[in-house]
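Chemist:
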Amino acid sequence: MTLIGCLLLGLLFAYVAYRKTSHLTPKLRWFLASLRALVVAVIAGLLCFPLVKNLSYQLEKPVIIIAQDNSLSIGHVHPAGFDQKKYEADLQQLSAQLSDKYDLKVYHFSDSVNKGFDFSNQGKLSNATALFNRLNDEYLNRNIGAVIMASDGIFNRGGSPLYDLNKLKAPVYTIALGDTIPKRDLRVVNVNHNNLVYLNNDFTIEVQVEAFESKGEQAKLKVFENGKVMAEHLIPVNSHAFSATIPVKLKANKIGLQKYTVQLVPMANEVSEKNNTQEVFIEVIDARQQVLIAAGGPHPDISVIKQALSANKNYDLKVVLGEELNALNLNDYGLLILYQLPDLQRTGAAFMGKLGQVNVPVWYIVGAQTDVNRFNALQKMVSINGASSNIQEAFPTVNTDFTAFDIDPAAAKIINDFDPLLAPFGKVVVNGPGFVALKQRIGKVKTDAAQLFFVNDNGRKSGYLIGEGLWRWKLSEAKDGLSNPVLHDLIAKTVQYLAVKDDKRKFKAAPSKNTFEENENVLINAVLYNDSYVAVNTPDVSLQLKNEAGKLYNFLFSRTGTTYQLDAGMLPAGNYTFTANTTLGDKKYQAQGAFYVNAMIAEYQQTIANHQLLHNMALQTNGKLYMPANLLKIQEDIEKNENVKTLSYEDLKYEALINFKWLFAMIILLLSLEWFFRKRNGEI
Numbered sequence: 001m002t003l004i005g006c007l008l009l010g011l012l013f014a015y016v017a018y019r020k021t022s023h024l025t026p027k028l029r030w031f032l033a034s035l036r037a038l039v040v041a042v043i044a045g046l047l048c049f050p051l052v053k054n055l056s057y058q059l060e061k062p063v064i065i066i067a068q069d070n071s072l073s074i075g076h077v078h079p080a081g082f083d084q085k086k087y088e089a090d091l092q093q094l095s096a097q098l099s100d101k102y103d104l105k106v107y108h109f110s111d112s113v114n115k116g117f118d119f120s121n122q123g124k125l126s127n128a129t130a131l132f133n134r135l136n137d138e139y140l141n142r143n144i145g146a147v148i149m150a151s152d153g154i155f156n157r158g159g160s161p162l163y164d165l166n167k168l169k170a171p172v173y174t175i176a177l178g179d180t181i182p183k184r185d186l187r188v189v190n191v192n193h194n195n196l197v198y199l200n201n202d203f204t205i206e207v208q209v210e211a212f213e214s215k216g217e218q219a220k221l222k223v224f225e226n227g228k229v230m231a232e233h234l235i236p237v238n239s240h241a242f243s244a245t246i247p248v249k250l251k252a253n254k255i256g257l258q259k260y261t262v263q264l265v266p267m268a269n270e271v272s273e274k275n276n277t278q279e280v281f282i283e284v285i286d287a288r289q290q291v292l293i294a295a296g297g298p299h300p301d302i303s304v305i306k307q308a309l310s311a312n313k314n315y316d317l318k319v320v321l322g323e324e325l326n327a328l329n330l331n332d333y334g335l336l337i338l339y340q341l342p343d344l345q346r347t348g349a350a351f352m353g354k355l356g357q358v359n360v361p362v363w364y365i366v367g368a369q370t371d372v373n374r375f376n377a378l379q380k381m382v383s384i385n386g387a388s389s390n391i392q393e394a395f396p397t398v399n400t401d402f403t404a405f406d407i408d409p410a411a412a413k414i415i416n417d418f419d420p421l422l423a424p425f426g427k428v429v430v431n432g433p434g435f436v437a438l439k440q441r442i443g444k445v446k447t448d449a450a451q452l453f454f455v456n457d458n459g460r461k462s463g464y465l466i467g468e469g470l471w472r473w474k475l476s477e478a479k480d481g482l483s484n485p486v487l488h489d490l491i492a493k494t495v496q497y498l499a500v501k502d503d504k505r506k507f508k509a510a511p512s513k514n515t516f517e518e519n520e521n522v523l524i525n526a527v528l529y530n531d532s533y534v535a536v537n538t539p540d541v542s543l544q545l546k547n548e549a550g551k552l553y554n555f556l557f558s559r560t561g562t563t564y565q566l567d568a569g570m571l572p573a574g575n576y577t578f579t580a581n582t583t584l585g586d587k588k589y590q591a592q593g594a595f596y597v598n599a600m601i602a603e604y605q606q607t608i609a610n611h612q613l614l615h616n617m618a619l620q621t622n623g624k625l626y627m628p629a630n631l632l633k634i635q636e637d638i639e640k641n642e643n644v645k646t647l648s649y650e651d652l653k654y655e656a657l658i659n660f661k662w663l664f665a666m667i668i669l670l671l672s673l674e675w676f677f678r679k680r681n682g683e684i
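Read in the numbering used here, the sequence shown has 105 at position 105, and its numbers run on one by one without any break.
Written out as structure tokens, the structure reads:
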């Protein structure tokens, strides 16, 4: 109706314009009226129909994807009669035939997914899940006709691909490579170990071993530390499919990152010897702290502290009483525990005089025997004002805002029920910021007076316990029958907090981890501090990397934020050391470190192909399993699959008529023609 209205409007304009032009010839009048009617109808149409519908159809051929497993296991084990060259030629022929009719895409996958064929079989891992995730990302809502995957079914990263297949909504045709027949083989499956052990401590690693087709043999397990044999075990193999976990006890004899090689001595006719060995890297640290408990004389509290710390092998604990203190060298210790020193008897005057000359953390335990005036004069961070010979009972209350170390709610409840300590009567004043772990409760009144707290005097940590009677807390635990002594844990955490050394180096460089796999990039981080201990990254930082053979590699760090980072890329397996250098102002800084790049043997760990998994993948997606000799039949089966077909997509678009410039040209042309003939014949 609107279109008819536009035509009628054009006729109306033509009638009004040319009804009184009898002096024109009839042909000219009809011609000019037609021009006027047409141009008005077109203009009216543009106003009434600003958009025009454009309908088109697009054809999309099915996408056929060929995914070829390029991991090490594919080239490592072949079944009898397998012809590698024929397989490669057939797969490429299949690709050429399918590309004539379908939209063909080819990928190869291992620890990464890449386009095209690659038959080198050098991939360190096999991750089918990553393959299907990438296909799902790249071909979402596309017409995927089928996926053809050639693999041995040994996927050692990413988990089972069965959970990701349905995302593609396409049949999967699998080509079964590898051999499913067990062959004679020994292998180290896994080595369970701690990443960190302490110097001179014994530790245990658990070696999981497997043996196939070796019944009646004796396997020999050896463990090497940096090339030296540290342990040997004979393992009788009593079945054709044998597995066992062998505990191996070792001792940490050397500080630093140590390499331990676990090896099953190869037997004759093994299918692979590369899975007989695994290397693990364990960092050995010397965390032993020399801790001195100094006191004027015996006290049951000293036994409580000694019991709490003696269970920890990282503390070398020494108790010295009376005048024997004067002969000590305080620099030999990482922490001093002064029990009620300085005391009223002025024990160890020479010892007390040395305290101000060393920068060793101190834990002061103040009690009835403490000489408070000398205590106030000995250190400047804490003073007890108004103290007299009187003492008072002070119960502990855990400060919930304390964060220097963790006191969990269950432990806090127990501590709050402990018996009171005997503390000097007076106000405890902390001269500077302090971290209060326990506050004093006098009777039922909770106070803000600190009982156990810590201060930091220009980098020197000090701890304070105001009150004696830790043995009372010990009896409280015994009365409640606690299996995990809270008091021992509190003392241990206090000592650990005080004894740990802060790293105040101006320049630090360290790898992001101690051990890298040979298929991952080596990352090294560095940070540089100015004299105000603010991180800066203005100067360049260089690094020299050296491998076991002595070959040097030079790098330059990149800047990230206020720090530095170096991506050294993937490096061959082996031991590496590095030296980083930089200059800030007129000062040169250097940092050293080491790391290992571990050889990956995951592809040699399993030598028996998993064709059952490939069958399940095909069955789940209405595909089919093929042996390499029959892979050319895949094209025939795809062509028979009625679901693999070209799709037609209807593309409906609305376009603005204002974008059609030829309409404006036509309107101008019509108006120009009308104006020309009117002027030629004397019309205005």
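No residue lacks a Cβ here, since even glycine has one placed at the ideal position from N, Cα and C.
(1) Grouping DSSP H, G and I as helix and E and B as strand, with all else coil, what is valine 265?
(2) Taking 7 Å as the limit between beta carbons, can you name the residues of its chain near glutamate 210, skipping five residues before and five after?
(3) Are the CB atoms of lysine 501 and asparagine 431 within a distance shorter than 8 Å?
(4) Thinking just about the alpha-carbon of each residue, which of His108, Arg374, Phe117, Ser120 is nearest to the one in alanine 130?
(5) Buried or exposed for histidine 240, please, with buried defined as at least 16 other CB atoms from any protein chain shown within 10 angstroms of its CB.
(6) With DSSP run on the structure shown, which of helix, strand or coil describes asparagine 373?
(7) In its own chain, which residues sit with a C-beta less than 7 Å from the C-beta of lysine 115, not counting the 5 before and 5 after it?
(8) Per DSSP, which one or two residues make a beta bridge with glutamine 590?
(9) For aspartate 164, name the three-state secondary structure that DSSP assigns.
(10) Are three or more beta carbon pairs between the segment 2 to 17 and the segment 30 to 50 nearer than 8 Å?
(11) Measure the CB-CB distance between proline 171 and alanine 150 and report whether it falls below 8 Å.
(12) Quick check: leucine 32 and arginine 678, are their CB atoms within less than 8 Å of each other?
(13) Would the beta-carbon of leucine 338 fall within 8 Å of that of valine 362?
(14) Counting along the chain, where does the alpha helix (DSSP H) carrying alanine 219 start and finish?
(15) Nearest to valine 262 by alpha carbon, out of Gly256, Lys274, Ile255, Asn630?
(16) Going by Cα to Cα distance, which pick from Asp100, Ile524, Glu393 is closest to glycine 426?
(17) Tell whether a beta-carbon distance below 8 Å holds between leucine 498 and lysine 461.
(18) From the DSSP secondary-structure annotation, give me the bridge partner or partners of tyrosine 173.
(19) Measure the beta-carbon distance from isoleucine 305 to isoleucine 491 and round it to whole angstroms, keeping in mind my assumption that it falls under 8 Å.
(20) For arginine 559, report the span of its beta strand (DSSP E) as first-last.
(21) In three-state terms, what does DSSP make of alanine 252?
(22) What is the DSSP secondary structure of histidine 108, reduced to helix, strand or coil?
(23) Would DSSP call proline 247 helix, strand or coil?
(24) Using the Cβ count rule (16 or more neighbours within 10 Å means buried), how would you classify phenylalanine 676?
(25) Residues bridged to leucine 3 by DSSP?
(26) Judging by CA-CA distance, which residue of Met666, Gly322, Pro424, His78 is the nearest neighbour of leucine 465?
(27) According to DSSP, what are the bridge partners of isoleucine 205?
(28) On a Cα-Cα basis, can you pick out the residue from Asp118, Glu60, Val265, Ile415 that is closest to glutamate 477?
(29) Which one of Ile148, Gln592, Ile658, Asn537 has the shortest CA to CA distance from alanine 67?
(30) Identify whether proline 689 lies in helix, strand or coil by the three-state DSSP scheme.
(31) Could you check the C-alpha separation between lysine 169 and threonine 621 for me, to the nearest Å?
(32) Could you work out which residue in Leu250, Thr21, Ala327 is closest to histidine 233 when comparing CA atoms only?
(33) Considering only the alpha carbon of each residue, which of Thr245, Val536, Ala411, Asn390 lies closest to lysine 493?
(34) Can threonine 397 and lysine 446 be called in contact, C-beta distance under 8 Å?
(35) Look at the alpha carbon of aspartate 69 and the alpha carbon of asparagine 192, and state the distance between them as a whole number of angstroms.
(36) Measuring alpha carbon to alpha carbon, tell me which residue in Ile384, Val366, Gly227, Phe454 is nearest asparagine 399.
Modeler: In short:
(1) Looking up residue 265 in the sequence shown gives position 265. Correct three-state label for valine 265: coil.
(2) Within the sequence shown, the letter at position 210 stands for residue 210. Same-chain partners within the cutoff: Arg187, Val189, Phe242, Ser243.
(3) Position 431 of the sequence shown holds residue 431. Position 501 of the sequence shown holds residue 501. Not closer than 8 Å, so no.
(4) Residue mapping note: residue 130 aligns to position 130 of the sequence shown, counting from 1. Here the closest residue by C-alpha is His108.
(5) Position 240 of the sequence shown, counted from the start, is the residue given in the question as residue 240. When all chains shown are included, histidine 240 counts as exposed.
(6) Against the sequence shown, residue 373 aligns to sequence position 373. Looking at asparagine 373 - three-state DSSP - the assignment turns out to be helix.
(7) Start at 1 with the first residue of the sequence shown, and residue 115 comes out as number 115. Closer than 7 Å at Cβ, skipping near neighbours: Val106, Tyr107.
(8) Along the sequence shown, read from residue 1 onward, the residue named residue 590 stands at position 590. Answer by DSSP bridge pairing, in chain order: Asn581.
(9) The residue given as residue 164 occupies position 164 in the sequence shown. The answer is coil: DSSP assigns aspartate 164 none of H, G, I, E or B.
(10) yes
(11) Within the sequence shown, numbered from 1, the residue matching residue 171 stands at position 171. Within the sequence shown, numbered from 1, the residue matching residue 150 stands at position 150. No. Outside cutoff.
(12) In the sequence shown, residue 32 corresponds to position 32, counting from 1. In the sequence shown, residue 678 corresponds to position 678, counting from 1. Yes, these two residues count as a Cβ contact at 8 Å.
(13) If you number the sequence shown from 1, residue 338 lands on position 338. If you number the sequence shown from 1, residue 362 lands on position 362. Against a cut-off of 8 Å, the Cβ pair of valine 362 and leucine 338 comes out as a contact.
(14) By one-based count along the sequence shown, residue 219 stands at place 219. No alpha helix (DSSP H) contains alanine 219, which is instead part of the beta strand (DSSP E) from 218 to 225.
(15) Indexing the sequence shown from 1 puts residue 262 at position 262. It is Lys274 whose Cα lies nearest to the Cα of valine 262.
(16) As a first step, residue 426 must be located in the sequence shown, where it is residue number 426. Cα-wise, what sits closest to glycine 426 is Glu393.
(17) Residue mapping note: residue 498 aligns to position 498 of the sequence shown, counting from 1. Residue mapping note: residue 461 aligns to position 461 of the sequence shown, counting from 1. Yes; because the gap between Cβ atoms is below 8 Å, this pair is in contact.
(18) What you label residue 173 is simply residue 173 of the sequence shown in a count that begins at 1. Partner(s): Ile148, Lys624.
(19) In the sequence shown, the residue the question calls residue 305 occupies position 305. In the sequence shown, the residue the question calls residue 491 occupies position 491. Confirmed, Cβ separation roughly 6 Å.
(20) Taking the sequence shown and counting its residues from 1, one reaches residue 559 at position 559. Looking at the DSSP string, the run of the beta strand (DSSP E) that includes arginine 559 is 558 to 560.
(21) Here residue 252 corresponds to residue number 252 of the sequence shown, with the count starting at 1. Correct three-state label for alanine 252: coil.
(22) In the sequence shown, residue 108 corresponds to position 108, counting from 1. Histidine 108 falls in the strand class under three-state DSSP.
(23) Numbered from 1 along the sequence shown, position 247 holds the residue referred to as residue 247. Of the three classes helix, strand and coil, the one that applies to proline 247 here is strand, per DSSP.
(24) One-based indexing of the sequence shown puts residue 676 at position 676. Burial call: exposed.
(25) Here residue 3 refers to the residue found at position 3 of the sequence shown. Answer is none; leucine 3 lacks a bridge partner.
(26) If you number the sequence shown from 1, residue 465 lands on position 465. Checking every option, the nearest Cα to that of leucine 465 belongs to Pro424.
(27) Start at 1 with the first residue of the sequence shown, and residue 205 comes out as number 205. Note: isoleucine 205 sits in a beta bridge opposite Val248.
(28) Mapped onto the sequence shown, residue 477 falls at position 477. The option with the nearest alpha carbon to glutamate 477 is Ile415.
(29) Locating residue 67 in the sequence shown gives position 67, counting from the first residue. It is Ile148 whose Cα lies nearest to the Cα of alanine 67.
(30) The chain is shown from 1 up to 684; residue 689 falls before or after that span and cannot be answered.
(31) Position 169 of the sequence shown holds residue 169. Position 621 of the sequence shown holds residue 621. Rounded to the nearest angstrom, the two C-alpha atoms are 8 Å apart.
(32) Mapped onto the sequence shown, residue 233 falls at position 233. Ranking the options by Cα distance to histidine 233, first place goes to Leu250.
(33) Taking the first residue of the sequence shown as position 1, residue 493 is located at position 493. With distances taken between Cα atoms, lysine 493 lies closest to Ala411.
(34) On the sequence shown, position 397 is the one that residue 397 refers to. On the sequence shown, position 446 is the one that residue 446 refers to. For threonine 397 and lysine 446, yes; Cβs fall inside 8 Å.
(35) Against the sequence shown, residue 69 aligns to sequence position 69. Against the sequence shown, residue 192 aligns to sequence position 192. Using only the alpha carbons, I get a separation of about 30 Å.
(36) What you label residue 399 is simply residue 399 of the sequence shown in a count that begins at 1. Minimum Cα distance to asparagine 399 is reached at Phe454.
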